[in-house]
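Before any comments, here is the structure.
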Amino acid sequence: QKSHPRKRSRSLEEDKKGHLICQSRAVLSARYKIFCTLGEGTFGKVVECTDHKAEDRHVDEKIIKTVARDLKAAYTEIQVLEHLNALDPSNTYYCVKMLDWFECHGYICIVFELLGLSIYDFIKENGFLPLRLDHIRHMAYRICKSVNCKCASGLLSLLHFLHRICQLFFYLAILYLNKLTHTDLKPENTVFVTSDSVQECNSKLKCEERTLKNPNVRIVDFGSATYNDKYHSTLVSTRLYRAPEVILALGWSRPCDVWSIGCILMEYITLESHLFPTHHNKEHLAMMEQMYMIQKSRKCKYFCHDQLNWDKCSSAGSSVSRHCKLLKVSIHDSDHENLFDLIEKMLEYDPDKRITLEEALRHPFFFYLHKKRSLSLKAEQADTGTMPPKCKK
1 QKSHPRKRSR SLEEDKKGHL ICQSRAVLSA RYKIFCTLGE GTFGKVVECT DHKAEDRHVD
61 EKIIKTVARD LKAAYTEIQV LEHLNALDPS NTYYCVKMLD WFECHGYICI VFELLGLSIY
121 DFIKENGFLP LRLDHIRHMA YRICKSVNCK CASGLLSLLH FLHRICQLFF YLAILYLNKL
181 THTDLKPENT VFVTSDSVQE CNSKLKCEER TLKNPNVRIV DFGSATYNDK YHSTLVSTRL
241 YRAPEVILAL GWSRPCDVWS IGCILMEYIT LESHLFPTHH NKEHLAMMEQ MYMIQKSRKC
301 KYFCHDQLNW DKCSSAGSSV SRHCKLLKVS IHDSDHENLF DLIEKMLEYD PDKRITLEEA
361 LRHPFFFYLH KKRSLSLKAE QADTGTMPPK CKK
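Residue numbering for the sequence shown follows the UniProt record's numbering, starting at 1 and increasing by one per position.
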């Protein structure tokens, strides 16, 4: 559906794509003064503003285009975030914090806490250098926990990699226990709380690289989030992170998010821009078969005699062979066997056999983080004199 350009005040005008033309220093809702434009997409654009009613605090503001499809997604996002924010007012579970929302000249504006770059943008600005493993562990744990835990109602450095993965898992865990599936997880929708970094020399790659000071992340963009008891659209997820059950139209639920995370982690590890660089269903399935040795499915449209109906000798077939190799040979370092085992379980073709987020949070890959947090808690209790009493024999 196309939006129609409208005449507005000098500071509020619409371009041919339906985006609000945001001029610096323009004020929205008599409260938010536009500081700069951070980016734009098919949904609209994001601007940084100062909030006059909060001591000129800087915030992110998402301005949705006046297109019916986008407006519907915006109302869905508002509903989901109001629910999640009410369950977790102290933001313990790392959900992006919605501060306000309002309508302005037909646009929906959603105000969020000010965040940093998305993981994709940070990696891009860092020359697509590998992420630190400790950050990925932390991030993944957070995302899993936030989607799964119930509220009150070369490779990057190992530690950074782990940090990020943990956050990711922790976050998704919260969603799941509140009967939600995100459905559109990807690096662009995983955003750092702050992208402040220091410049360091990577002796292994012999180049300069940016290292994050704080690897904490938030998951954003809930416009496609779906409650378990609501209508499930047949097609969900961005193509590159789409689970096989979605491609095969077999129905989907929470495991489709787990698949998406597995794809994201493989991209971090292998430094491939995309794990499955394709726009066609059959080619996508061929890449999965090449990487995971998938051999059968209930969808006869794509399979014949338990084999994918695909010409491996064609130019497209040769391209698949060049781009994809068996998952087991993608990771060579024995120090990362636990990480590989986790990813392999997340990229299980059968959604009924795919690892759950509850199980992922207990995976040996995160033992190091659990031990580190336990030691940190004990040290904190010792410093404050709040050590729990010992049991009497």
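The beta carbon of each residue, even a glycine, is placed where N, CA and C say it ideally should be.
Beta carbon proximity, residue i to chain D, threshold 9 Å
i	result
A54	The structure shown contains no chain D; it holds only a single protein chain.
Alpha-carbon to alpha-carbon, residue j and residue i
i	j	result
E358	F35	41 Å
L115	E48	10 Å
F365	L265	13 Å
S197	D134	15 Å
F169	H279	27 Å
T194	L369	22 Å
I63	Y268	30 Å
G154	H336	Summary for G154: the model assigns pLDDT 38, below 50, so the residue's position carries little reliability, and this model does not support an answer.
Y231	L38	33 Å
S237	N85	24 Å
I220	T190	The displayed chain sequence assigns Val, not Ile, to residue 220. Spanning the two alpha carbons is a distance of roughly 6 Å.
D306	E245	Caution is warranted here: a pLDDT of 47 is assigned to D306, below 50, making its placement in the model unreliable, and no coordinate value can be reported.
F288	K186	The sequence given here places Met at residue 288; Phe does not occur at that position. Going by the C-alpha atoms only, they are around 18 Å apart.
T211	N126	9 Å
E55	P277	46 Å
Y349	Q199	40 Å
E61	A249	35 Å
C95	T181	14 Å
F367	N214	21 Å
A360	H83	25 Å
A243	S203	37 Å
I343	G106	44 Å
K296	M98	Interpretation of K296 is limited by its pLDDT of 48, a score under 50 that renders its predicted location unreliable; the figure taken from the coordinates is listed afterwards. Using only the alpha carbons, I get a separation of about 44 Å.
K65	K17	9 Å
residue 428	G44	Since the first residue of the chain shown is 1 and the last is 393, residue 428 is not available in this structure.
P351	V67	34 Å
Cβ neighbour criterion (16 or more within 10 Å) applied to residue i
i	result
C256	buried
N216	buried
K179	exposed
D184	buried
K353	exposed
C201	exposed
R362	exposed
G251	exposed
C207	exposed
R69	exposed
D15	exposed
S260	buried
R25	exposed
K124	exposed
T42	exposed
F128	exposed
I294	With a pLDDT of 48 at I294, under the threshold of 50, the predicted position of this residue should be treated as unreliable, though the coordinate-derived value follows. I294 is buried by the Cβ-count criterion.
Residues near residue i by beta carbon distance below 7 Å, same chain, minus five either side
i	result
E188	S118, Y120
D51	R31, Y32, R57, V59
C104	L28, S29
F122	F192, S195
K53	R31
R239	H279
E13	I21
H284	I247, F276, T278
R254	Y176, T181
E209	N126, L129, E200, N202
T234	A249
Cβ shell of residue i (< 6 Å), same chain only, five flanking positions each side left out
i	result
C263	Y241, L275
K345	I355
V258	M346, R354
W101	I78, I110
Residue span of the beta strand (DSSP E) that contains residue i, given as start and end
i	result
D100	98–104
V111	107–113
L361	Taken as a continuous stretch (DSSP letters only), L361 belongs to no beta strand (DSSP E), being part of the alpha helix (DSSP H) at 357–361.
E209	207–212
E200	197–202
K45	44–51
First through last residue of the alpha helix (DSSP H) which encompasses residue i
i	result
Y349	Where Y349 is concerned, there is no enclosing alpha helix (DSSP H), given that its DSSP letter is neither H nor E.
F122	119–125
D184	Note, D184: premise wrong, no alpha helix (DSSP H); not H, not E.
L87	68–87
I193	The sequence given here places Val at residue 193; Ile does not occur at that position. First-last for V193: undefined, no H or E at that position.
V246	244–247
Cβ shell of residue i (< 8 Å), same chain only, five flanking positions each side left out
i	result
C149	The predicted model places C149 with a pLDDT of 42, which falls under 50 and marks its position as unreliable, so this point remains unresolved.
E40	H19, V46
I want to know whether the segment 213–228 touches the segment 75–89 - three or more CB-CB distances under 8 Å. With three or more CB-CB distances shorter than 8 Å, the segment 213–228 counts as touching the segment 75–89.
Between the segment 67–76 and the segment 84–93, do three or more beta carbon pairs fall short of 8 Å? They do not touch, by the three-pair rule.
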